[in-house]
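Chemist:
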Amino acid sequence: MRAFKFLRIFCVLTLLSAFAFAGEKICEDPVDDGDGSAVVNCFYPAQTIVEAYADFRKSGIEENSNDPGYTNLRAKLEIGKDVKDTYDYVAINYEWNGDKTFVVKMFYVGGETDVKFTQDRNGTRATMIFSPD
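In this note's numbering, the protein residues as written are 2 to 134.
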C-alpha cells in the first residue's frame with residue numbers, strides 16, 4: 002500500500018511539472034498535509050471548462066501513461082450530463098453542478114483524486130485533491 006501511495010504522489014508531481022511548463026496554465030505549488038494528501042490549484046486563462054478539461058486530460062495521459070484514472074478519462078464531455086464509468090482498477094464519476102462547475106472523481110483501490118473545474122469570465126480554475134485511503 003505504501004508503494005502505491007508513493008507512486009500516486011510521484012504521479013502528482015509529474016503532472017504538476019507538465020502544468021508548470023505548459024505556458025498556458027498557471028499552477029500554485031502543491032499543498033501537502035503530511036498524510037499523503039495533496040491539493041493543487043491551477044488556472045486556465047481564457048478557457049472554458051471543456052477546453053481546460055481537454056488540456057488536463059491530455060497532460061494527464063502524457064505524464065501518467067500507466068495510470069488507469071488518466072488513460073480512461075473520456076475524450077468528450079457532454080455539458081450537464083453526469084456519467085459514471087467503471088474499469089478494472091478505477092471508477093470515474095463525471096458530475097456537473099450547473100454549466101460552470103464540473104467535477105471528475107477518480108476512485109482507486111489506494112485512494113481518490115478529485116478535480117473540480119470552475120469557470121468564470123476570466124477562464125477556468127481546476128482544484129485537484131489527491132487523497133489516500
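All C-beta atoms, glycine included, are put in the ideal place defined by N, C-alpha and C.
Would you kindly check if the distance between the Cβ of Asn42 and the Cβ of Arg126 is under 8 Å?
Modeler: Yes.
Chemist: Thinking C-alpha only, which one of Ser132, Asp134 and Phe118 is nearest Asp56?
Modeler: Checked all of Ser132, Asp134 and Phe118; the closest Cα to Asp56 is Phe118.
Chemist: Work out the CA separation of Tyr88 and Ile50 for me, nearest whole Å.
Modeler: So the two alpha carbons sit approximately 24 Å from each other.
Chemist: According to DSSP, is Lys59 helix, strand or coil?
Modeler: Of the three classes helix, strand and coil, the one that applies to Lys59 here is helix, per DSSP.
Chemist: Alpha carbon to alpha carbon, how far is Gly112 from Asp33? Give it in angstroms, no decimals.
Modeler: Going from the Cα of Asp33 to the Cα of Gly112 covers about 15 Å.
Chemist: Alpha carbon to alpha carbon, what distance is there between Asp30 and Thr128?
Modeler: Each residue's Cα considered, the two are about 12 Å apart.
Chemist: Roughly how many angstroms lie between the CA atoms of Tyr95 and Gly35, to the nearest whole one?
Modeler: If you take the alpha carbons of Tyr95 and Gly35, they lie about 28 Å apart.
Chemist: Using the Cα positions of Gln48 and Ser60, report the straight-line distance between them to the nearest angstrom.
Modeler: Answer to the nearest angstrom: the Cα atoms are 15 Å apart.
Chemist: Which one or two residues does DSSP pair with Ile130 in a beta bridge?
Modeler: DSSP output for Ile130 lists Val40 and Asp115 as bridge partner(s).
Chemist: Under the three-state reduction of DSSP, which class applies to Pro31: helix, strand or coil?
Modeler: Here Pro31 sits in coil by DSSP.
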